[in-house]
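Written below as structure tokens is the structure these notes are about.
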Amino acid sequence: MLAVAILAAGKGTRMRSSLPKVLQQIAGSSLIERVLKSSNELNPDRRLVIVGHQVELLKEKLNHHKGLEYVMQKPQNGTGHAVQQLLPILKGFNGELLVLNGDVPLLKPQTIKSLIKRHQSYGCGVTFLTARINNPKGYGRVFADEQGRVKEIIEERDCNEDQKLNTLTNAGIYCFNWEQLAKILPKLSDNNDQKEIYLTDTISLLPEAMHLEVDDTEEVSGVNNRIQMAKCEAIIQKQLCEEWMLKGVSFIDKGSCTLSENCEFGRDVIIEPQTHLRGNCKIGDNCKIGPGTLIENSVLGDNVKVINSIIRESKVANNVDIGPFANIRPETTLEDNCKIGNFVEIKKSTIGKESKVNHLSYIGDSTLGRKVNIGAGTITANFDGTNKHQTLIDDYSKIGANSVLIAPIKLGKNVTIGAGSTITKDVPNNSLGLGRAKQLIKREWSN
Ligand code: UD1
Ligand code: CA
Numbered sequence: 004m005l006a007v008a009i010l011a012a013g014k015g016t017r018m019r020s021s022l023p024k025v026l027q028q029i030a031g032s033s034l035i036e037r038v039l040k041s042s043n044e045l046n047p048d049r050r051l052v053i054v055g056h057q058v059e060l061l062k063e064k065l066n067h068h069k070g071l072e073y074v075m076q077k078p079q080n081g082t083g084h085a086v087q088q089l090l091p092i093l094k095g096f097n098g099e100l101l102v103l104n105g106d107v108p109l110l111k112p113q114t115i116k117s118l119i120k121r122h123q124s125y126g127c128g129v130t131f132l133t134a135r136i137n138n139p140k141g142y143g144r145v146f147a148d149e150q151g152r153v154k155e156i157i158e159e160r161d162c163n164e165d166q167k168l169n170t171l172t173n174a175g176i177y178c179f180n181w182e183q184l185a186k187i188l189p190k191l192s193d194n195n196d197q198k199e200i201y202l203t204d205t206i207s208l209l210p211e212a213m214h215l216e217v218d219d220t221e222e223v224s225g226v227n228n229r230i231q232m233a234k235c236e237a238i239i240q241k242q243l244c245e246e247w248m249l250k251g252v253s254f255i256d257k258g259s260c261t262l263s264e265n266c267e268f269g270r271d272v273i274i275e276p277q278t279h280l281r282g283n284c285k286i287g288d289n290c291k292i293g294p295g296t297l298i299e300n301s302v303l304g305d306n307v308k309v310i311n312s313i314i315r316e317s318k319v320a321n322n323v324d325i326g327p328f329a330n331i332r333p334e335t336t337l338e339d340n341c342k343i344g345n346f347v348e349i350k351k352s353t354i355g356k357e358s359k360v361n362h363l364s365y366i367g368d369s370t371l372g373r374k375v376n377i378g379a380g381t382i383t384a385n386f387d388g389t390n391k392h393q394t395l396i397d398d399y400s401k402i403g404a405n406s407v408l409i410a411p412i413k414l415g416k417n418v419t420i421g422a423g424s425t426i427t428k429d430v431p432n433n434s435l436g437l438g439r440a441k442q443l444i445k446r447e448w449s450n
């Protein structure tokens with residue numbers, strides 16, 4: 004039997020944030036989400052999350068994880084105190100308890116599996132992960148012999164100057180024999196600099212403790228402040244870019260781009276500098292994205308080109324050109340071969356195949372058919388001050404420059420609107436719509 008407990012009750016004072024630390028995000032997922040994901044692969048029999056701060060918010064953010072057991076720790080009196088809360092809950096449980104710090108977000112499932120395997124083959128009271136860190140500031144120091152048997156862990160603030168020189172650090176990932184742990188948990192004291200009950204004190208109380216040193220020290224980086232969080236972000240971003248490079252995506256300047264883990268790319272995609280993809284994004288083959296582009300929760304087909312633009316919660320089909328400086332707002336669909344040019348904002352609209360909105364326009368709550376041409380500076384006036392209204396422009400219609408289409412309004416097929424018009428009434432198929440003052444000429448006006 005395997006139970007996993009994630010320590011997530013700490014406030015994270017060093018983050019100086021109104022959010023509980025474990026809800027801070029890197030590469031689009033929270034720290035706790037990452038820890039949960041890495042432990043889910045083990046198929047544990049029980050999954051416990053020890054919580055204490057903004058519990059409702061935490062539960063809400065994790066509500067898509069079914070079968071989690073939340074255990075309240077109040078007040079939060081240290082990592083040992085956190086695990087003491089499991090005593091009534093795991094009463095009679097027989098097996099291993101894997102304890103994961105909720106703020107160690109880069110751990111790979113394979114590493115946890117190796118830890119459990121090592122634990123099972125030696126049969127100690129506890130086996131835990133360690134790393135040799137050159138600058139181990141803030142981490143507990145592990146005192147072990149050559150065989151990997153551990154005498155004790157001393158938190159940095161309780162170390163003397165000599166002990167601080169030890170670079171073998173505690174990663175905060177432990178596999179305990181629950182029965183043995185349950186016996187000694189009540190004996191933990193708060194006799195340390197912080198006056199907290201430390202989980203690390205169980206190491207010297209258990210009959211036998213072993214450590215397993217990880218090869219990749221980055222994997223066990225802990226996040227206590229925003230500097231460490233930025234380091235983890237950089238590690239993930241590098242991993243993600245390199246992973247996609249090996250699958251056929253080019254990054255011109257990967258250090259200036261960020262991705263979320265839920266991005267997918269086709270082949271021969273080129274990502275130009277300062278491009279950011281967030282949330283769930285799917286990018287087709289042969290796309291060229293950037294420079295200076297932000298795409299969030301959107302799907303792009305093949306051969307799409309986007310320059311210096313923003314696309315959010317939208318769908319873009321194949322062979323579409325966007326930008327520079329276009330703002331594609333949520334619920335927009337751009338169909339095949341359409342072109343959205345500079346300084347164009349599109350919101351909650353469908354732009355049909357081969358249609359063009361090339362310059363300085365606002366198109367909102369609109370449906371455009373195919374091969375529609377929107378002249379420079381055209382505005383759909385979709386808001387009457389209280390409600391939003393729809394604009395429909397059917398196939399092959401051409402809207403002259405600087406027109407205002409006052410919604411609700413319907414322009415039929417093959418309609419032409421004269422430049423500078425303010426259109427307030429529907430225009431039927433094949434008609435010209437004009438809505439502007441007649442030009443006056445007064446001769447000899449100035450002499
Ligand atoms: C801890 C370890 C340290 C190790 C480091 C690795 C202890 C005493 N020290 O230190 O040896 O090198 O992690 O990253 O364990 N938490 C609770 N309840 C509490 C206090 C903390 O659930 O009362 C949770 C936090 O939310 C956090 C985790 O436990 O997710 C670790 O707590 P933190 O205060 O960050 O411990 P460190 O000082 O980093
Ligand atoms: Ca920590």
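Per the working numbering, residue 4 is the first one in the sequence shown, and the count goes up by one each step.
The C-beta atom is built at its ideal place from N, Cα and C for all residues, glycine as well.
As the structure is a prediction and not an experimental result, all values here were calculated from the model.
| Query | Result |
| --- | --- |
| Counted within 10 angstroms of its Cβ, other Cβ atoms place residue 247 as buried (16 or more) or exposed | buried |
| Beta-bridge pairing of residue 396 - partner residues as DSSP gives them | 371 and 414 |
| Beta-carbon contacts of residue 239 that lie in its chain and below 8 angstroms, excluding the five residues immediately before and after | 29, 30, 109 and 264 |
| Cross-strand partners of residue 75 (DSSP beta bridge) | 54 |
| beta-carbon residue 225 near ligand 2 non-hydrogen atom, thresh 7 angstroms | yes |
| Spatially closest choice to residue 297 from 73, 317 and 369, by CA coordinates | 317 |
| Reference residue 345; option with closest CA among 393, 327, 64 and 353 | 327 |
| Anticipated Cβ contact below 8 angstroms, residue 2 with residue 379, distance rounded | Since the first and last residues shown for the chain are 4 and 450, residue 2 lies out of range. |
| Where residue 230 falls, given that 16 or more other Cβ within 10 Å makes a residue buried | exposed |
| One or two residues paired with residue 28 in a DSSP bridge | 33 |
| Contacting residues, own chain, Cβ-Cβ under 8 angstroms from residue 322 (five flanking each side not counted) | 304, 305, 306, 307, 339 and 340 |
| Endpoints, beta strand (DSSP E) assigned at residue 147 | 144 to 147 |
| Residue 201 burial status per 10 Å Cβ neighbour count (16 or more: buried) | buried |
| Environment of residue 180 [buried if 16+ CB atoms lie within 10 Å] | buried |
| Straight-line Cα distance separating residue 134 from residue 285 | 37 angstroms |
| Beta-bridge partners of residue 330, as assigned by DSSP | 313 and 348 |
| Cα-Cα separation between residue 269 and residue 302, rounded to whole angstroms | 12 angstroms |
| C-alpha gap between residue 113 and residue 193, whole angstroms | 34 angstroms |
| Terminal residues of the beta strand (DSSP E) in which residue 122 lies | Run containing residue 122: none in the beta strand (DSSP E); it sits in the alpha helix (DSSP H), 112 to 125. |
| Local conformation of residue 445 per DSSP, three classes | coil |
| Among 342, 395 and 319, the one whose alpha carbon lies nearest that of residue 362 | 342 |
| Three-state class that DSSP yields for residue 232 in the structure shown | helix |
| Between the CA atoms of residue 122 and residue 145 - distance to the nearest angstrom | 17 angstroms |
| Contacts around residue 220, its chain only, beta-carbon distance under 6 angstroms, and the 5 residues preceding and following it disregarded | 134 and 136 |
| Host alpha helix (DSSP H) of residue 86 (start-end) | 82 to 87 |
| Whole-number beta carbon distance between residue 119 and residue 99, since they are thought to touch under 8 angstroms | 7 angstroms |
| As assigned by DSSP and simplified to three states, the class of residue 188 | helix |
| As assigned by DSSP and simplified to three states, the class of residue 101 | strand |
| Where residue 209 sits in the DSSP three-state scheme | coil |
| Nearest to residue 419 (by Cα), restricted to the options 24, 412, 437 and 427 | 437 |
| Bounding residues of the beta strand (DSSP E) (the contiguous stretch that carries residue 164) | No beta strand (DSSP E) holds residue 164; the alpha helix (DSSP H) holding it covers 164 to 167. |
| Cβ pair count under 8 angstroms reaching 3, the region 167 to 186 against the region 35 to 52 | no |
| Residue 152 classed as buried or exposed, judged by whether at least 16 other C-beta atoms fall within 10 angstroms | exposed |
| Cβ-based neighbour list, residue 330, same chain, cut-off 6 angstroms, excluding 5 preceding and 5 following | 313 and 348 |
| Pairwise C-alpha distance: residue 36 and residue 66 | 11 angstroms |
| Spatial distance of residue 17 from residue 27 (CA atoms) | 12 angstroms |
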